[in-house]
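Each residue of the sequence shown is one higher than the last, beginning at 18 in the working numbering.
Virtual Cβ for every residue (Gly too), placed ideally from N, Cα, C.
For reference, the structure is listed below as structure tokens.
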Amino acid sequence: MYEAGEILSRRGLLDAENLEKLRSQSLQGGELLNAAIRQGMVDEEAALRALGEELGMDFVDLRNAEVDVDLVKDFPQKLIYRHSLFPLERFNGSMRLATADPLDVYALDEASAATGLTIIPVLAERNEIARLTKKHLGVGSETVEGLIAARAEDEDIQLLEDLETDGSELSEMAQEASVVRLVNEILVEAIDSRASDVHIESQSKGLVIRYRIDGILHIQPVPPEINRFQAAIISRLKIMARLNIAEKRLPQDGRIKLKVHGREIDIRLSVIPMIHGESLVMRILDKGAMKFDLQGLGMDPRTYHIFSQLIRLPHGIILVTGPTGSGKTTTLYSSLLEIRSPENKIITTEDPVEYQLDGINQIQVHAKIGLTFAASLRSILRHDPDIVLVGEIRDQETAENAIQASLTGHLVFSTLHTNDAAGAFTRIVDMGIEPFLVSSTVEGIMAQRLVRRLCPHCKLAYTPKTEDIPSDFPWEDLAGQPLYQAVGCRVCRNVGYSGRMGIYELLVTNEEIKTLAHDRVSTWEIKQAALKAGMQTLRMDAWRKAIAGSTSVDEVIRVTKGDRIA
Numbered sequence: 018m019y020e021a022g023e024i025l026s027r028r029g030l031l032d033a034e035n036l037e038k039l040r041s042q043s044l045q046g047g048e049l050l051n052a053a054i055r056q057g058m059v060d061e062e063a064a065l066r067a068l069g070e071e072l073g074m075d076f077v078d079l080r081n082a083e084v085d086v087d088l089v090k091d092f093p094q095k096l097i098y099r100h101s102l103f104p105l106e107r108f109n110g111s112m113r114l115a116t117a118d119p120l121d122v123y124a125l126d127e128a129s130a131a132t133g134l135t136i137i138p139v140l141a142e143r144n145e146i147a148r149l150t151k152k153h154l155g156v157g158s159e160t161v162e163g164l165i166a167a168r169a170e171d172e173d174i175q176l177l178e179d180l181e182t183d184g185s186e187l188s189e190m191a192q193e194a195s196v197v198r199l200v201n202e203i204l205v206e207a208i209d210s211r212a213s214d215v216h217i218e219s220q221s222k223g224l225v226i227r228y229r230i231d232g233i234l235h236i237q238p239v240p241p242e243i244n245r246f247q248a249a250i251i252s253r254l255k256i257m258a259r260l261n262i263a264e265k266r267l268p269q270d271g272r273i274k275l276k277v278h279g280r281e282i283d284i285r286l287s288v289i290p291m292i293h294g295e296s297l298v299m300r301i302l303d304k305g306a307m308k309f310d311l312q313g314l315g316m317d318p319r320t321y322h323i324f325s326q327l328i329r330l331p332h333g334i335i336l337v338t339g340p341t342g343s344g345k346t347t348t349l350y351s352s353l354l355e356i357r358s359p360e361n362k363i364i365t366t367e368d369p370v371e372y373q374l375d376g377i378n379q380i381q382v383h384a385k386i387g388l389t390f391a392a393s394l395r396s397i398l399r400h401d402p403d404i405v406l407v408g409e410i411r412d413q414e415t416a417e418n419a420i421q422a423s424l425t426g427h428l429v430f431s432t433l434h435t436n437d438a439a440g441a442f443t444r445i446v447d448m449g450i451e452p453f454l455v456s457s458t459v460e461g462i463m464a465q466r467l468v469r470r471l472c473p474h475c476k477l478a479y480t481p482k483t484e485d486i487p488s489d490f491p492w493e494d495l496a497g498q499p500l501y502q503a504v505g506c507r508v509c510r511n512v513g514y515s516g517r518m519g520i521y522e523l524l525v526t527n528e529e530i531k532t533l534a535h536d537r538v539s540t541w542e543i544k545q546a547a548l549k550a551g552m553q554t555l556r557m558d559a560w561r562k563a564i565a566g567s568t569s570v571d572e573v574i575r576v577t578k579g580d581r582i583a
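What follows is the structure, given as structure tokens:
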């Protein structure tokens, strides 16, 4: 009888003190091995290689393994989930079967009996087996089959608010343990994948689940059987968001508060009826993972220096522009936290309040009861603030109140939806604001976008060819250095990118620009004046980040337009 602890100890991988600690918990065999790995006492790959040498089993790296898809479909799924097994190939009446527990002989015997094949076990890391399982069988497939009892992972997700149900048949179906686990699996997988949004779409062939990771949508494999649970999944999420599950004709919006892996997660749920059924989009706000650090957003030192001076002005308007999902809220929150102090009072009015900030007074807009940006801003000024954040300038009334606040000695932050910094002047004037008021109050405009960072583990250096690069690329800045392109590896889930960073275009309102804005000149003329004053465009900043090896040429082309320079 082989004993995992003895083997690991003899091989010098597990010291006597830790071995005794594990044995004191009455752990043996695979349980002892898993506990040692989970508690960081041994490296999993090193432990499996050592056990494999003792037991005559090979260790395989599943990152490069070729999988027989038909074999996976035919193999009993209950064995995959119950014993963490994965079939790799079949030949001459035998099957190579990956396992994370070399001492679980019962599981191997059960696989042999179920398939009628001779089992040749090979060792592989447990999380790699789980990755292949999700890739080939789909997220939540174990719950669809109802094959295992609730696992420890299920305890990692908990609702922070009590649920209310109406006792209907659909409501009861949505509360079944298998449906609850399936929805939990979808949410946990999304959070672990760093997804910002989850799209659950009802289409003619059934449910399609997509995660938006680093701004790009990725289809999540799901088993075909999930379509039988379509109504229950949607109802479960609507119940969690306190929505009306009987209403399937009108759009609904709700909010789910969770705690996952000990972190508070806020989910904004939007439900819209489509022709094939209701479709859901969930925006995931991971409070524990967010860091509001102005210096860490990706601004170059010059841009950061100028912007940090702007946000410390005694009065005026600072605008951050860009499309939805371009990081405007992160920039504004980071700015407020940088200038926050006991000596000044900061009040925000937002729709919605995405993150709660200590030391800052935040107001949630409720348009249905008349608490709009404009109405809340009028009330805010009676509370003697020094700094005000208006979530978005959407209409003339909000713009007028923001300008009035800046004229009465307040520093006002807000956002606009424009493609570049210079377009903000035209946008506000188009709302009906007098140009002289805009030119005298707007002190600076920051346009921004997000580009994906190249994965540092797999990015590949190459020498670019002139014909493969857009004509506005600054070759003089490259100075013979290589550029980098995306490849893909296990760390980045074979995408080639990991995380995002900002690119910025900061326009500071000087006297010439004030005059141009007052005279209602075109956006293009204002942009030329800003460039002459030293502004770098979004495209220029993106090229600098590509030259520095932070992002790729493909990503710059995807996110930005070429500059039309006079």
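For residue 155, same chain residues with a beta-carbon under 6 Å away, outside a window of 5 residues either side, are 238, 239, 240 in chain order. Minimum Cα-Cα distance from residue 374 among the listed residues 346, 395, 388, 393 corresponds to 346.
Your pair residue 569 and residue 471 checks out as a contact, with CB atoms roughly 6 Å apart and the cut at 8 Å. By the C-beta density criterion, residue 554 is buried, having at least 16 other C-beta atoms within 10 angstroms. Residue environment analysis places residue 437 among the buried positions, since at least 16 neighbouring C-beta atoms fall within 10 angstroms of its C-beta. In the three-state reduction of the DSSP assignment, residue 318 falls in the helix class. Secondary structure of residue 174 (DSSP, three-state): strand. The three-state reading of DSSP puts residue 289 in strand, counting E and B together. Unbroken alpha helix (DSSP H) runs of no fewer than 4 residues, entirely contained in the region 191 to 239, are found at 194 to 209, following chain order.
DSSP, read as helix, strand or coil, puts residue 572 in helix. Between residue 405 and residue 370, the C-beta spacing is not below 8 Å.
For the set 192, 320, 362, 327, the Cα lying nearest the Cα of residue 557 is the one of 320. According to DSSP, residue pairing for residue 378 in a beta bridge involves 364. For residue 520, the secondary structure class from DSSP, reduced to helix, strand or coil, is strand.
CA-to-CA, the gap between residue 513 and residue 503 works out to about 4 Å. Sequence-distant Cβ neighbours of residue 135 in its own chain, meaning closer than 8 Å and more than five residues away, are 110, 111, 112, 129. Straight across, the Cα-Cα distance linking residue 82 with residue 125 is about 20 Å. Per DSSP, the unbroken alpha helix (DSSP H) holding residue 532 starts and ends at 528 to 535.
DSSP places residue 470 in the strand class (E or B) of the three-state scheme. Here the C-alpha atom of residue 94 lies approximately 34 Å from the C-alpha atom of residue 31.
Secondary structure at residue 91: helix, using DSSP grouped into helix, strand and coil. Contact between residue 449 and residue 413 holds: their C-beta atoms lie close to 4 Å from each other, under 8 Å. Residues 542, 543, 546 of the same chain have their beta carbon placed closer than 7 Å to that of residue 533, with the five preceding and five following residues left out of the count.
Judged by their CB atoms, residue 355 and residue 328 are nearer to each other than the 8 Å cut-off. DSSP places residue 372 outside both helix and strand once states are collapsed to three, so it counts as coil.
Residues of the same chain with a CB within less than 6 Å of the CB of residue 432, apart from the 5 flanking positions on each side, are 337, 345, 409 in chain order. Residue range 413 to 424 is occupied by the alpha helix (DSSP H) that includes residue 419. DSSP places residue 465 in the strand class (E or B) of the three-state scheme.
Cβ-Cβ separation between residue 253 and residue 197: approximately 7 Å, consistent with a contact (criterion under 8 Å). By the neighbour-count definition (other C-beta atoms within 10 Å, threshold 16), residue 494 is an exposed residue.
When C-alpha distances from residue 500 are compared across 488, 491, 399, 564, the shortest belongs to 564. Contact between residue 519 and residue 467 is confirmed by a C-beta separation of about 6 Å, below the 8 Å threshold.
Selection 441, 389, 201 evaluated against residue 463 yields 441 as nearest (Cα-Cα). In the DSSP assignment, residue 303 falls within the beta strand (DSSP E) that extends over 294 to 303. The continuous beta strand (DSSP E) containing residue 431 extends over residues 428 to 433. Counting only residues of its own chain and dropping the five nearest sequence neighbours on each side, residue 267 has a CB closer than 8 Å to the CB of 290.
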